[in-house]
Amino acid sequence: MSARPFHLGWFYSKGFGPKAWKHQWAGPKSAVARFTKPDTAVELARAMERACFDYFMIEDSSNVPYTYQGSHHAYLRHSVDTPKLDPTVLAPYLIAATEKLGIVVTCSTTEYHPFMLARKMNTLDHVSEGRIGWNVVTGSNDGGAQNYGRDKQYPHDERYDRADEFLEVAHGLWAGWEPDALVLDLEKGVFADGDKVHPLHHEGRYYRSRGPLSAPRSPQGSPVICQAGGSARGQAFAGRWAETIIASASTPERMKAYRDNVRATAAAHGRDPDQIKILFLVSPTVDETRERAEDRYRRSLEIDDNEVEYQLASLSRQSGIDFSQFPMDEPLPDTLVSNGHQSMVAQWQGRVLADVIRGNPLNSGSNAFVGTADDVAAHMDEVMQEVGGDGFLLVNSYFSRRYVTEVCDGLVPELQRRGLTRTAYEHDHLRDNLMAF
Amino acid sequence: MSANPFHLAWFGAGGFGVKSWNKTWSGRGGRDWASPQLWVDIAQALERARFDYIIIEDSSYVPDAYGSNSKAYLSSATATPKMDPTVLAPIMSHLTSRIGIVPTLSVTEYHPYMLARKINTLDHMSNGRTGWNIVTSSSHRAAQNYGKDLLEEHDLRYDIADEFFDVSCRLWESWDADAVTLDADHGVWADYEKVHTIDFEGKFFKVRGPLNAPQSPQGRPVFTQAGGSARGKQFAARTANSVISGVEGGPAAMKRFRDDIRAQATGYGRDPDDVKVLFMASPVVGETDEEAQAKRARQVAFAEAHPELGLLHLSRHSGIDFAQFPLDEPIPDTAKTNGHQQMLAQAIGKTPREFLRKSLSTMEFVGSPDTVAAKMEEVMAEVGGDGFLIANFDLNRRYVSEIADGLVPALQRRGLTRTEYTHSRFRDNLLEF
Ligand SMILES: Cc1cc2nc3c(=O)[nH]c(=O)nc-3n(C[C@H](O)[C@H](O)[C@H](O)COP(=O)(O)O)c2cc1C
Ligand SMILES: Cc1cc2nc3c(=O)[nH]c(=O)nc-3n(C[C@H](O)[C@H](O)[C@H](O)COP(=O)(O)O)c2cc1C
């Protein structure tokens with residue numbers, strides 16, 4: 001491999017729900033109608049394993065949104081982030097279909113009790129033989145909280161205070177069985193040693209849990225912690241706990257600044273910054289010739305009225321702000337704030353709404369990766385050299401099978417030829433593969 | 001089939017944890033217990049034998065009732081470890097096609113929205129083969145893992161269960177069955193007028209809804225329930241599609257139990273034939289009657305030589321620490337428990353060994369496959385229905401094969417159990433006869 005190989009992940013955005021459906025390459029309607037089945041996710045996982053990706057990250061949120069125009073109408077009409085089935089039920093299917101790929105599941109600290117979450121992750125890690133990660137989210141939409149008995153989400157920073165304690169409890173539970181607690185003495189009939197299994201007796205500000213967990217330490221001990229906090233408080237949380245961070249930034253300079261900041265925070269927590277792998281969202285357009293790729297890219301930026309409503313509904317959900325109240329061609333107020341995704345909303349202040357919708361930061365300017373496999377691989381190499389690491393998180397908003405093979409069978413082989421990504425898994429566990437370089 | 005065919009189901013006692021691990025037919029059970037493979041093999045064998053369903057038992061704590069510490073439970077792998085059944089269920093669904101898969105989930109551990117969502121996803125992915133074994137939990141230790149001092153009081157737990165059940169059903173039905181239109185030409189994915197908030201505000205739960213996924217193939221999962229107390233039976237009669245019972249006292253007591261459940265179900269305006277009562281049984285089958293009896297005698301001798309193994313279970317279920325009483329002295333009437341009062345009352349005056357022996361002498365189905373099949377037919381004729389829930393506490397693949405490939409063909413020859421699945425959905429098969 002080259003001096004600086006990097007990592008690859010895939011962000012299964014829109015979670016376990018419909019992907020492309022009215023769009024090109026969506027497939028026959030009979031296949032589209034199977035969105036409640038594991039088909040596409042399983043195929044993606046197999047393709048990713050073929051291409052030696054580090055991990056498959058399943059996004060999640062747990063309500064039918066109704067922020068835009070105060071109604072769930074637009075969300076259901078366009079299938080904007082709804083429906084989403086439960087990712088912890090999908091994960092076992094992906095585990096069964098693969099052998100080496102990491103599977104990262106999104107679960108919210110404001111929906112689970114730490115004991116239940118710790119138990120599920122422990123079981124998933126056992127069953128996957130050490131390939132599980134947890135994307136820690138705190139919930140951002142009031143509608144999610146309302147399904148769980150509350151009127152609204154806790155205030156933004158308090159959510160992270162709770163999440164800090166949640167992680168303390170979960171790690172305490174994961175450490176409750178010592179690594180050698182299992183004796184397995186068949187002759188004497190001793191399965192486990194009670195002296196090596198410890199209750200936690202956690203009594204904190206937000207949580208209580210006695211412990212121990214009802215199952216032994218799992219292969220990795222704890223799942224790989226994945227996080228995406230963008231706000232100052234979110235980054236502080238990530239600096240303390242995260243082993244991999246998924247981030248979106250619009251230019252290599254911003255990517256570098258973000259990465260440097262997280263690494264500094266981690267060092268301040270006494271951690272080795274190399275133990276945090278930051279993966280940046282990208283959505284490359286790869287085709288046979290540069291012209292074809294550029295043409296495709298241009299067409300992907302043309303958006304019709306349906307798409308405008310789709311984007312407005314999506315922004316509204318993520319921010320908790322009803323964007324139907326703002327005119328399309330005027331700057332957004334400077335006072336715009338969110339109890340949801342704060343960092344995202346801060347970037348929109350003062351910008352014209354129509355531009356916010358068109359300029360997908362993931363996929364514009366220096367972050368538009370467009371061209372042949374060779375072009376895109378070279379561009380990715382260049383950006384990574386500038387940023388310093390640690391890799392990319394692929395995403396495709398109208399996910400189609402064609403796109404998967406373009407990336408896994410076209411782009412990745414080119415990255416591998418350049419020595420930029422791995423050609424074989426060195427280890428069995430997700431964490432070991434992630435930390436291998 | 002005979003005039004009165006009955007149902008078969010399997011109780012995965014001990015949950016997703018260690019099964020047989022240091023006995024003759026354990027195989028690699030001690031090492032491979034965390035792999036789903038044994039469960040997949042069992043489910044496939046039971047599907048071959050046309051079982052209605054398999055329950056994955058669960059509880060979420062390391063017991064320490066016996067001897068007031070967890071040592072004996074951990075060293076014998078009794079009721080611990082147990083991993084999460086919702087992780088196992090998808091793998092079993094994935095590798096089978098007809099049998100019903102029933103994880104156990106507790107209403108005092110889950111929030112209704114989370115539970116309804118997981119079950120809905122499971123039902124989608126299994127093509128309508130998911131059930132929910134509704135339990136309320138029975139140990140303070142589980143409650144303490146979830147942040148409570150003590151478990152809620154017994155009858156209150158069923159009040160919670162009643163409301164939990166109602167909220168969940170409303171969530172499962174919050175999308176009309178035809179809400180998803182997938183109209184690509186007009187860009188209409190779903191019809192928003194067919195998706196409804198539930199705005200539930202009860203005594204215990206508050207849920208806005210709707211669920212964030214469409215109605216699943218069965219809508220509601222198949223409900224199984226095991227309440228044995230008056231309040232538990234009342235809950236089961238109102239909600240369950242299949243009541244599972246460990247009632248003692250032979251066919252007469254079984255018949256009383258079933259009649260009672262059916263009468264109460266009628267009282268709730270339900271068709272009693274929609275509630276299938278299945279009775280626990282652990283048949284011991286061998287090539288000949290003599291061989292089966294010898295096998296049973298060896299099992300009893302083993303249990304009597306290791307009374308502590310039985311007392312571990314009794315202590316965990318009752319909350320009574322049986323380690324405090326000498327094995328052969330009567331339990332004094334000054335003994336106390338903050339757990340199961342009724343069970344303690346039954347134990348007082350007996351020695352722990354006597355009490356244990358009584359718990360071992362349940363309904364016995366011992367003999368060649370043909371003998372056991374005849375006995376099962378006889379019992380069912382007397383009870384009136386609806387079938388058996390097979391369980392074996394030292395579970396290994398050989399036992400599964402003895403039942404699925406030995407006993408069941410004998411039952412099928414007599415026309416007592418199904419030879420094919422008629423329907424693709426679990427509930428339809430369960431209610432077929
Ligand atoms: C790549 C990426 C993936 C994310 N995935 C999820 C998700 O699956 N579920 C969710 O609730 N939030 C998700 N988020 C939101 C983050 O958890 C977080 O709330 C957001 O980045 C705002 O940061 P902040 O909480 O520090 O303000 C994601 C964010 C990013 C950048
Ligand atoms: C066949 C059977 C299976 C059971 N499975 C479980 C289980 O998996 N988890 C659990 O917590 N309780 C289980 N129980 C206990 C019951 O849910 C219930 O608490 C018990 O039968 C006592 O009844 P009561 O609650 O009406 O007093 C089971 C009971 C029986 C008879």
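Protein sequence lines correspond, in order, to chains C and Y.
Read in order, the letters of the first sequence are residues 1 to 437 in full-length UniProt numbering.
Read in order, the letters of the second sequence are residues 1 to 433 in full-length UniProt numbering.
Glycine included, each C-beta is placed from N, C-alpha and C at the ideal position.
Quick caveat: nothing in here was measured; it's all calculated off a predicted structure.
Asked	Found
Reference P352 of chain Y; option with closest CA among Y:D159, Y:G385, Y:L105 and Y:L314	Y:L314
Uninterrupted beta strand (DSSP E) stretches inside the stretch 71-140 of chain Y (no shorter than 3 residues)	100-106 and 131-135
Three CB pairs or more closer than 8 Å across the stretch 102-119 of chain C and the stretch 64-75 of chain C	no
Environment of A305 of chain Y [buried if 16+ CB atoms lie within 10 Å]	exposed
Contacts that V32 of chain C makes with chain Y (C-beta to C-beta distance below 9 Å)	L182 and A184
Contact list for K82 of chain Y against chain C, beta-carbon separation under 8 Å	S214 and A215
Short-range partners of chain Y found in the stretch 206-239 of chain C, where Cβ spacing is below 7 Å	Y207, R208, S209, R210, G211, P212, S214, A215 and P216
Helix, strand or coil at T417 of chain Y [DSSP, three-state]	coil
Inter-stretch contact (C-beta, 8 Å, three-pair minimum) for the stretch 421-436 of chain C and the stretch 33-52 of chain Y	no
Rounded C-alpha distance that separates F327 of chain C from R263 of chain C	Note that residue 327 of chain C is Pro in the sequence shown, not Phe. For P327 of chain C and R263 of chain C, the distance between alpha carbons rounds to 40 Å.
Cut-off 7 Å between Cβ atoms - residues of its own chain near Q264 of chain Y, not counting five sequence neighbours on either side	K233, Q234 and A237
Interface residues of the stretch 78-106 of chain C facing chain Y [CB-CB below 7 Å]	H78, S79, T82, P83, K84, L85, D86, T88, V89, P92, Y93 and A96
The stretch 84-96 of chain Y touching the stretch 384-392 of chain Y, judged by at least three CB pairs closer than 8 Å	no
Per-residue burial, M1 of chain C [other beta carbons within 10 Å of its own, 16 or more giving buried]	At M1 of chain C, the pLDDT of 48 sits below 50, so the modelled position is not reliable; the number obtained from the coordinates is stated separately. Answer is exposed; the Cβ neighbour count stays below 16.
N135 of chain C - DSSP class collapsed to helix/strand/coil	strand
Per DSSP, cross-strand counterpart(s) of E201 of chain Y	Y:K206
Exposure of Q218 of chain Y, with buried meaning 16 or more beta-carbon neighbours within 10 Å	buried
Contact with chain C by K71 of chain Y, beta-carbon distance below 7 Å	yes
Boundaries of the beta strand (DSSP E) in which C107 of chain C is found, first to last residue	G102 to S108
Residues within the stretch 1-24 of chain Y neighbouring chain C, beta-carbon criterion of under 8 Å	F16, G17, V18, W21 and N22
First through last residue of the beta strand (DSSP E) which encompasses M57 of chain C	Y55 to I58
Sub-7 Å separation of Q277 of chain Y and R258 of chain Y beta-carbons	Residue identity differs from the one stated: residue 277 of chain Y is Val in this sequence, not Gln. It is a contact, given that the beta carbons lie within the stated cut-off.
Ordered list of alpha helix (DSSP H) runs contained in the UniProt region "Disordered" (211-230) of chain Y, each at least 4 residues	none
Spatial distance of G202 of chain Y from R150 of chain C (CA atoms)	13 Å
Among Y:D84, Y:V62, Y:K358 and Y:L8, nearest to L74 of chain Y - alpha-carbon criterion	Y:V62
Nearest-angstrom Cα separation, counted from F16 of chain Y out to V40 of chain Y	12 Å
Unbroken beta strand (DSSP E) run spanning G9 of chain C, endpoints	H7 to Y12
As assigned by DSSP and simplified to three states, the class of M1 of chain C	Summary for M1 of chain C: the model assigns pLDDT 48, below 50, so the residue's position carries little reliability; its value from the coordinates is reported in the next sentence. Note: M1 of chain C maps to coil in three-state DSSP.
Buried/exposed call for E309 of chain C, threshold 16 Cβ in 10 Å	buried
Distance cut-off 6 Å: A374 of chain Y Cβ against heavy atoms of ligand 1	no
Contact the stretch 194-214 of chain C vs the stretch 266-286 of chain C: 3+ CB pairs below 8 Å	no
Whole-angstrom distance between V127 of chain C and A215 of chain C, CA atom to CA atom	12 Å
CB of P5 of chain C within 7 Å of CB of G133 of chain C, strictly	no
Endpoints, beta strand (DSSP E) assigned at Q220 of chain C	From DSSP, Q220 of chain C is part of no beta strand (DSSP E); its letter is neither H nor E.
As assigned by DSSP and simplified to three states, the class of W172 of chain Y	helix
Proximity test, F135 of chain Y beta-carbon vs ligand 2 heavy atom, cut-off 6 Å	The residue asked about is misnamed: residue 135 of chain Y is Val in this sequence, not Phe. Within the cutoff, so yes.
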